[in-house]
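S.K.: If you count the sequence shown from 1, you need to add 142 to reach this note's numbering.
C-beta: ideal position from N, C-alpha, C; glycine also.
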Amino acid sequence: MPRITVGEPADHSGLWPRLEREARLLQELGLAVELTRCEEAGRAFYTLEVRDDRGDAGDTAELLRVCVALAVSETVLQEIEPRVLEEIVQKMRPAFSRTERDQVLERARRLASGLEADASSERRRVMERAAAYLGEHSLLLVDGFVRFRLREYCDELMDCVRQAVDDHEFEKERIEFIALLKDFVDGRPEGVREVHVLPSENQPFRLVDPSGFPVETSYLHDFAWELADDGPVDMEELLIATLVSLAPGKVVCHRPIQTQDVPLVQGVFQDRVAYCSGCPLCQGPATPTARPRVR
Numbered sequence: 143m144p145r146i147t148v149g150e151p152a153d154h155s156g157l158w159p160r161l162e163r164e165a166r167l168l169q170e171l172g173l174a175v176e177l178t179r180c181e182e183a184g185r186a187f188y189t190l191e192v193r194d195d196r197g198d199a200g201d202t203a204e205l206l207r208v209c210v211a212l213a214v215s216e217t218v219l220q221e222i223e224p225r226v227l228e229e230i231v232q233k234m235r236p237a238f239s240r241t242e243r244d245q246v247l248e249r250a251r252r253l254a255s256g257l258e259a260d261a262s263s264e265r266r267r268v269m270e271r272a273a274a275y276l277g278e279h280s281l282l283l284v285d286g287f288v289r290f291r292l293r294e295y296c297d298e299l300m301d302c303v304r305q306a307v308d309d310h311e312f313e314k315e316r317i318e319f320i321a322l323l324k325d326f327v328d329g330r331p332e333g334v335r336e337v338h339v340l341p342s343e344n345q346p347f348r349l350v351d352p353s354g355f356p357v358e359t360s361y362l363h364d365f366a367w368e369l370a371d372d373g374p375v376d377m378e379e380l381l382i383a384t385l386v387s388l389a390p391g392k393v394v395c396h397r398p399i400q401t402q403d404v405p406l407v408q409g410v411f412q413d414r415v416a417y418c419s420g421c422p423l424c425q426g427p428a429t430p431t432a433r434p435r436v437r
């Protein structure tokens, strides 16, 4: 009779209920099923054995492999993966606070789940790998299987954590930068009463006063050339630097500029920022050709 034994550390309990579910499914298909468990040397071993007196033994063995592989893959992805991600975060950034680790872990889990959309991802092939292994072996130790047979999958998880750490640190720097600029702006006297930000055909944006006349600032021209020497100019970096130099009491962003397009401006100037949904300035000759690029 086809028989497969699967083992895991005794303090892990994710595999047993999944094997019970698969055993019930096999019984519903008319197979004689026996599922047993035992513990030895700190490990739990589960043996699933099936018999079908009516059909082909090869088909029964294949069905058993698929059912056990499904239980193993679910255990890996839902039970083991979060622990692996947490271990990687701890090793990669041991100085992170509990809150920071939790934030990075949440990002890493989302990135790992997103691998399902990639047809070439090893994460999508965990069940396939398990079924192939069970085609050659009747004993599978889940933790060893992950460590030695799913190395490329573990590499993917490592990449997810690296990306999550980079994103977290970038966001942290961004928040600190916004706070610094906000303190600087709040400490300055008001330079101009009101500035309107309009997209433009030939420039990243135009700055005008409430009457539509250009706001004169040599800083904008000088800073644009300075950034251009270093590579492509980021629209919002240029805009925030110009606005900080002007210290306006109010900033009005005209469509199609929205909150999500200028998060730095929104963060620094906060309640000084307003958004226009349509006015003569928006509908003037300078029709926007592109939306601002967001970092």
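Just to confirm, are cysteine 395 and valine 404 a CB contact at a threshold of 9 Å?
M.R.: Within the sequence shown, the letter at position 253 stands for residue 395. Within the sequence shown, the letter at position 262 stands for residue 404. Result yes, Cβ atoms of cysteine 395 and valine 404 sit closer than 9 Å.
S.K.: Go through its chain and collect everything with a Cβ distance to tryptophan 367's Cβ below 8 Å, but skip five positions before and after it.
M.R.: The residue labelled residue 367 in the question sits at position 225 within the sequence shown. A caution first: tryptophan 367 carries a pLDDT of 49, below 50, which makes its placement in the model unreliable, though a value can still be read off. For tryptophan 367, where only same-chain residues beyond five positions count, there are no Cβ hits under 8 Å.
S.K.: Taking leucine 381 as part of the beta strand (DSSP E), name the residues at either end of that continuous run.
M.R.: Counting from one through the sequence shown, the residue named residue 381 turns up at place 239. Counting along the chain, leucine 381 falls outside any beta strand (DSSP E), though it belongs to the alpha helix (DSSP H) covering 377 to 388.
S.K.: Between the segment 213 to 232 and the segment 291 to 304, do at least 3 Cβ pairs fall closer than 8 Å?
M.R.: At 8 Å Cβ cutoff, the stretches touch.
S.K.: To the nearest angstrom, how far is it from the Cα of leucine 190 to the Cα of valine 218?
M.R.: Position 48 of the sequence shown, counting from 1, holds the residue named residue 190. Position 76 of the sequence shown, counting from 1, holds the residue named residue 218. Distance between the alpha carbons of leucine 190 and valine 218 is about 19 Å.
S.K.: Do the segment 325 to 342 and the segment 263 to 270 make contact, defined as three or more Cβ pairs closer than 8 Å?
M.R.: Touching, no.
S.K.: Per DSSP, glycine 149 is paired with what?
M.R.: Here residue 149 is taken as the residue at index 7 of the sequence shown, counted from 1. Looking at the DSSP assignment, glycine 149 forms a beta bridge with Phe187, Leu283.
S.K.: By the three-class DSSP mapping on this structure, what secondary structure does arginine 291 have?
M.R.: Start at 1 with the first residue of the sequence shown, and residue 291 comes out as number 149. Helix, per DSSP.
S.K.: Take lysine 392 and list the residues in its own chain whose beta-carbon comes closer than 6 Å to its own, dropping the five residues that flank it on each side.
M.R.: Translated into the one-based positions of the sequence shown, residue 392 becomes position 250. If we look at lysine 392 and ignore the five residues flanking it on each side, its Cβ neighbours are Glu336, Arg414.
S.K.: Return the bridge partner residues of proline 356 from the DSSP annotation.
M.R.: The residue given as residue 356 occupies position 214 in the sequence shown. Paired residues: Val350.
S.K.: Grab me the residues of glycine 156's own chain with a C-beta within less than 6 Å of its C-beta, minus the 5 sequence neighbours each way, in chain order.
M.R.: Within the sequence shown, numbered from 1, the residue matching residue 156 stands at position 14. Counting only Cβ-Cβ distances below 6 Å, and skipping sequence neighbours, we find Thr217, Glu221.
S.K.: Can you tell me the Cβ-Cβ gap for glutamate 164 and valine 210, rounded? I've got them flagged as a contact below 8 Å.
M.R.: Residue numbering aside, residue 164 sits at position 22 when the sequence shown is read from its first letter. Residue numbering aside, residue 210 sits at position 68 when the sequence shown is read from its first letter. Indeed they touch by this definition, with Cβ atoms about 7 Å apart.
S.K.: Whole angstroms are fine: how far does the CA of cysteine 418 sit from the CA of cysteine 424?
M.R.: Indexing the sequence shown from 1 puts residue 424 at position 282. Indexing the sequence shown from 1 puts residue 418 at position 276. C-alpha separation (whole angstroms): 8 Å.
S.K.: Tell me, please, which residues DSSP counts as bridged to histidine 338.
M.R.: In the sequence shown, the residue the question calls residue 338 occupies position 196. Paired residue(s): Val350, Val394.
S.K.: Keeping to the same chain, check which residues put their C-beta closer than 8 Å to that of arginine 235; ignore five residues upstream and five downstream.
M.R.: As a first step, residue 235 is located in the sequence shown; it is residue number 93 there, counting from the start. Around arginine 235: Glu242, Arg243, Val246, Val307.
S.K.: Have a look at leucine 167 and isoleucine 320 and give me their C-alpha separation to the nearest angstrom.
M.R.: Position 25 of the sequence shown, counting from 1, holds the residue named residue 167. Position 178 of the sequence shown, counting from 1, holds the residue named residue 320. Approximately 56 Å, taken between the alpha carbons.
S.K.: Pull up the CB-CB distance for arginine 193 and leucine 161, whole angstroms please, since I reckon it's below 8 Å.
M.R.: Position 51 of the sequence shown, counting from 1, holds the residue named residue 193. Position 19 of the sequence shown, counting from 1, holds the residue named residue 161. Not a contact, Cβ separation roughly 17 Å.
S.K.: What would DSSP say about alanine 432, mapped onto helix, strand or coil?
M.R.: Here residue 432 refers to the residue found at position 290 when the sequence shown is read from its first residue. Unreliable positioning characterises alanine 432 in this predicted model, as indicated by a pLDDT of 35, which lies under 50. A coordinate reading is not provided.
S.K.: Buried or exposed for threonine 178, going by 16 or more other Cβ atoms inside 10 Å?
M.R.: Sequence index remark: in the sequence shown, residue 178 carries index 36 (1-based). By the neighbour-count rule (16 or more Cβ atoms within 10 Å), threonine 178 is not buried but exposed.
S.K.: To the nearest angstrom, report how far apart histidine 338 and leucine 322 are at their CA atoms.
M.R.: Counting from 1 along the sequence shown, the entry for residue 338 is found at position 196. Counting from 1 along the sequence shown, the entry for residue 322 is found at position 180. Approximately 23 Å between the Cα atoms of the pair.
S.K.: Sorted by chain position, which residues of the same chain lie with C-beta nearer than 8 Å to glutamate 294's C-beta, five sequence neighbours on each side aside?
M.R.: Counted from its first residue, the sequence shown places residue 294 at position 152. If we look at glutamate 294 and ignore the five residues flanking it on each side, its Cβ neighbours are Glu264.
S.K.: Do glycine 149 and valine 284 count as a contact pair if the criterion is CB distance below 9 Å?
M.R.: Residue 284 sits at position 142 when you count from the first residue of the sequence shown. Residue 149 sits at position 7 when you count from the first residue of the sequence shown. Yes.
S.K.: Looking only at C-alpha atoms, which of Glu170, Cys180, Pro331 sits nearest to tryptophan 158?
M.R.: Position 16 of the sequence shown, counting from 1, holds the residue named residue 158. Residue Cys180 is the option with its Cα nearest to tryptophan 158.
S.K.: Kindly indicate which three-state DSSP category arginine 240 falls into: helix, strand or coil?
M.R.: Translated into the one-based positions of the sequence shown, residue 240 becomes position 98. Helix at arginine 240.
S.K.: CA-CA distance, proline 224 and glutamate 248?
M.R.: Position 82 of the sequence shown, counted from the first residue, corresponds to residue 224. Position 106 of the sequence shown, counted from the first residue, corresponds to residue 248. Their backbone Cα atoms lie some 10 Å apart in a straight line.
S.K.: May I have the straight-line CA-CA distance separating leucine 212 from cysteine 296, to the nearest angstrom?
M.R.: Looking up residue 212 in the sequence shown gives position 70. Looking up residue 296 in the sequence shown gives position 154. In a straight line, the C-alpha of leucine 212 is about 19 Å away from that of cysteine 296.
S.K.: Whole angstroms are fine: how far does the CA of proline 390 sit from the CA of phenylalanine 355?
M.R.: If you number the sequence shown from 1, residue 355 lands on position 213. If you number the sequence shown from 1, residue 390 lands on position 248. About 15 Å.
S.K.: Which residue or residues does DSSP assign as beta-bridge partners of leucine 177?
M.R.: Walking along the sequence shown from the start, residue 177 turns up at place 35. Looking at the DSSP assignment, leucine 177 forms a beta bridge with Leu190.
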